[in-house]
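*Asks:* What follows is a single structure, and I will ask about it in a moment.
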Amino acid sequence: MKPVLPGSTIGVLGSGQLGRMFTIAARRMGYRVHTLSPDEDTPTGQVADLEIQAQYDDLEAVRSFAGRVDVVTFEFENVPADTAAAAESRAPVRPAGEVLHITQHRLREKQYLAKHGFPVAAFGSVNSLAELEAALHRTGTPAILKSAGFGYDGKGQYPISHFEDAAAAWSKLGQEGVVEERIDFECELSVVAARAQDGQFVDYGAVRNHHVHGILDCTWAPAGVPPEVAREAVHIARGVLDHLQVVGVLCVEFFLTRGGKLLINELAPRPHNSGHFTIDACVTSQFEQQLRAVCGLPLGDTSMLRPAAMVNLLGELWQHGEPNWAAALAHSEAKLHLYGKLAPRPGRKMGHITAVAGTAAEAAAKAVAARASL
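Numbering (our numbering), first residue to last: 3 to 376.
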């Protein structure tokens, strides 16, 4: 494909923190950025050249938006597939709308991965209590019932400890879902990687993630798992990006079972929370990498300059007023990233802190200490 060179305009569907950090990387390299979402004064819009407020199902507005840019990408996967198709009628969309269509729906994603031989936990499609009970006979318990579409950060998930809990879980979901075997895992890992249209592939290695209430709390990079496990995670991730023909960045999230087996939990076809450390710790950040990939430029060096860790800053930190930013920044090794969101809410990602050190564990201790001082 013909490269989209600096001075061109990038369109971003979505306007959250991922788009904000992407836009900062793009502006630094001389690009203009337009963003479209239903909201205004957004994290992305605050730093973009142009912010368009429109509903995603306003396809004429989407087509007009795409007609004014050179290439379109997205910053979260819950943009409707019809929106991506409308944009594709006026400009290249990368990753392609088909990638979005598969990864925004848990059941389609599981079925795709299983069909192509990628390791996933036992799962079943659920549209009724009877189907849930039948699926539980196959997956066993404990299990987790999840909404099929538009879920993130633990939302739309209901644990089923015993078969008798099925009715209560179904009453809470009440829509198309997927039930999955609950994995007894040693840890959660992820691999953020990028792929160019010509098949060039780069990755940031396996990192370790710790979640609290379904929301990522801390990432350690590197993961500190046996080298063969880290290599296998990258190998699987490359297979996923190649099968999907991704042009852009994609994160593969894994469970590492106590038996040492890697199972794919889910895919995210864009930069990922667990890759935020790359801004401060790598030669090329995941956001610059996304830009390079969607613009048809050579991918950048992913070398990690020092081990790193990242901790999220959630809305709870504001419950007693403005956090003490000076206290956090008194930890001179801490890097503060705030997203410009207007209203803090419990569980809402408002920013993150990154630290680097001699080991990932040391970096995590520094990042946690800086957050605690808030």
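No residue lacks a Cβ here, since even glycine has one placed at the ideal position from N, Cα and C.
Could you tell me if Glu-230 is buried or exposed, where buried requires 16 or more neighbouring beta carbons within 10 angstroms of its beta carbon?
*Replies:* Within the sequence shown, residue 230 is the residue found at index 228, counting from 1. That one is exposed.
*Asks:* What's the C-alpha gap between Lys-337 and Thr-25?
*Replies:* Counted from its first residue, the sequence shown places residue 337 at position 335. Counted from its first residue, the sequence shown places residue 25 at position 23. Lys-337 and Thr-25: Cα-Cα distance of roughly 19 angstroms.
*Asks:* In this structure, how does DSSP classify Tyr-341 when only helix, strand and coil are distinguished?
*Replies:* By 1-based counting over the sequence shown, the position of residue 341 is 339. The answer is coil: DSSP assigns Tyr-341 none of H, G, I, E or B.
*Asks:* Opposite Ala-357 in the DSSP bridges: which residues?
*Replies:* Your numbering for residue 357 matches position 355 in the sequence shown. Note: Ala-357 sits in a beta bridge opposite Ala-311, Ala-336.
*Asks:* Where do the N-terminal and C-terminal ends of the alpha helix (DSSP H) with Arg-350 fall, by residue?
*Replies:* As a first step, residue 350 must be located in the sequence shown, where it is residue number 348. Run containing Arg-350: none; DSSP gives neither H nor E here.
*Asks:* Can you tell me which of the three DSSP states Lys-148 falls into?
*Replies:* Position 146 of the sequence shown, counting from 1, holds the residue named residue 148. Here Lys-148 sits in strand by DSSP.
*Asks:* Check whether the Cβ atoms of Leu-134 and Val-180 lie closer than 8 angstroms to each other.
*Replies:* Within the sequence shown, the letter at position 132 stands for residue 134. Within the sequence shown, the letter at position 178 stands for residue 180. It is not a contact, given that the beta carbons lie outside the stated cut-off.
*Asks:* Which whole runs of the alpha helix (DSSP H) in the stretch 189-262 are 4 residues long or more, in chain order?
*Replies:* Listed in chain order, they are 229-246.
*Asks:* Using CA atoms only, rank isn't needed, just tell me which of Arg-197, Leu-147, Asp-205, Pro-161 is closest to Glu-178.
*Replies:* What you label residue 178 is simply residue 176 of the sequence shown in a count that begins at 1. Looking at the Cα atoms, Leu-147 is the closest of the given residues.
*Asks:* Check the DSSP bridge columns for Ala-27 and list the partner residues they point to.
*Replies:* Along the sequence shown, one-based indexing puts residue 27 at 25. According to DSSP, which records beta bridges pairwise, Ala-27 is partnered with nothing at all.
*Asks:* Taking just the CA atoms, how far does Arg-233 sit from Arg-350?
*Replies:* Translated into the one-based positions of the sequence shown, residue 350 becomes position 348. Translated into the one-based positions of the sequence shown, residue 233 becomes position 231. Going from the Cα of Arg-350 to the Cα of Arg-233 covers about 33 angstroms.
*Asks:* Taking all protein chains shown into account, decide if Ala-27 is buried (16 or more other Cβ within 10 angstroms of its Cβ) or exposed.
*Replies:* Taking the first residue of the sequence shown as 1, we reach residue 27 at position 25. Buried.
*Asks:* Does DSSP put Thr-286 in a helix, a strand or coil?
*Replies:* Residue numbering aside, residue 286 sits at position 284 when the sequence shown is read from its first letter. Reduced to three states, the DSSP call for Thr-286 is coil.
*Asks:* Roughly how many whole angstroms lie between the Cα atoms of Pro-8 and Asp-72?
*Replies:* Residue mapping note: residue 8 aligns to position 6 of the sequence shown, counting from 1. Residue mapping note: residue 72 aligns to position 70 of the sequence shown, counting from 1. Cα-Cα distance, rounded: 11 angstroms.
*Asks:* Please classify Ala-374: is it buried, with 16 or more other beta-carbons within 10 angstroms of its beta-carbon, or exposed?
*Replies:* The residue given as residue 374 occupies position 372 in the sequence shown. Classification for Ala-374: exposed.
*Asks:* Span of the alpha helix (DSSP H) holding Glu-268?
*Replies:* One-based indexing of the sequence shown puts residue 268 at position 266. Run containing Glu-268: none in the alpha helix (DSSP H); it sits in the beta strand (DSSP E), 264-270.
*Asks:* Considering only residues of the stretch 30-104, which uninterrupted alpha helix (DSSP H) runs meet the minimum length of 4 residues and lie entirely inside it, listed in chain order?
*Replies:* Complete alpha helix (DSSP H) runs here, min 4: 61-68, 83-90.
*Asks:* For a test of the three-state rule: what should DSSP assign to Ser-130, helix, strand or coil?
*Replies:* For this step, residue 130 is matched to residue 128 along the sequence shown. DSSP places Ser-130 in coil when its eight states are reduced to three.
*Asks:* Would you be able to state if there are at least three C-beta pairs under 8 angstroms between the stretch 256-268 and the stretch 282-296?
*Replies:* Cβ pair count under 8 angstroms is below three, so no.
*Asks:* Could you check which residue in Ser-149, Arg-70, Thr-141, Ser-91 has the C-alpha nearest to that of His-164?
*Replies:* To locate residue 164, count along the sequence shown from 1; it is residue 162. When only C-alpha atoms are compared, the closest one is Thr-141.
*Asks:* Touch check for the stretch 64-78 and the stretch 233-245: three-plus C-beta pairs under 8 angstroms?
*Replies:* Result no; under three Cβ-Cβ pairs closer than 8 angstroms.
*Asks:* Which of helix, strand or coil does DSSP assign to Glu-324?
*Replies:* Position 322 of the sequence shown holds residue 324. Residue state, collapsed to three classes: coil.
*Asks:* Helix, strand or coil: which one does DSSP assign to Thr-304?
*Replies:* Position 302 of the sequence shown holds residue 304. Three-state DSSP puts Thr-304 in coil, outside helix and strand.
*Asks:* According to DSSP, simplified to helix, strand and coil, what is Arg-179?
*Replies:* For this step, residue 179 is matched to residue 177 along the sequence shown. Looking at the sequence provided, one finds Gly at residue 179 rather than Arg. Note: Gly-179 maps to strand in three-state DSSP.
*Asks:* What does a CB cutoff of less than 7 angstroms around Ala-366 pick up in its chain, not counting 5 residues either side in sequence?
*Replies:* Walking along the sequence shown from the start, residue 366 turns up at place 364. Closer than 7 angstroms at Cβ, skipping near neighbours: Cys-220, Trp-222, Ala-311.
*Asks:* How is Phe-165 classed by DSSP in three states: helix, strand or coil?
*Replies:* Residue mapping note: residue 165 aligns to position 163 of the sequence shown, counting from 1. Helix.
*Asks:* Going by C-alpha distance, which of Leu-307, Leu-138, Ile-104, Gln-199 is nearest Ala-150?
*Replies:* For the purposes of this step, residue 150 is taken as the residue at position 148 of the sequence shown. When only C-alpha atoms are compared, the closest one is Ile-104.
*Asks:* In this structure, how does DSSP classify His-107 when only helix, strand and coil are distinguished?
*Replies:* Walking along the sequence shown from the start, residue 107 turns up at place 105. It is a strand residue.
*Asks:* Can you tell me where the alpha helix (DSSP H) holding Val-122 begins and where it ends?
*Replies:* The count along the sequence shown starts at 1 and reaches residue 122 at position 120. Counting along the chain, Val-122 falls outside any alpha helix (DSSP H), and DSSP gives it neither H nor E.
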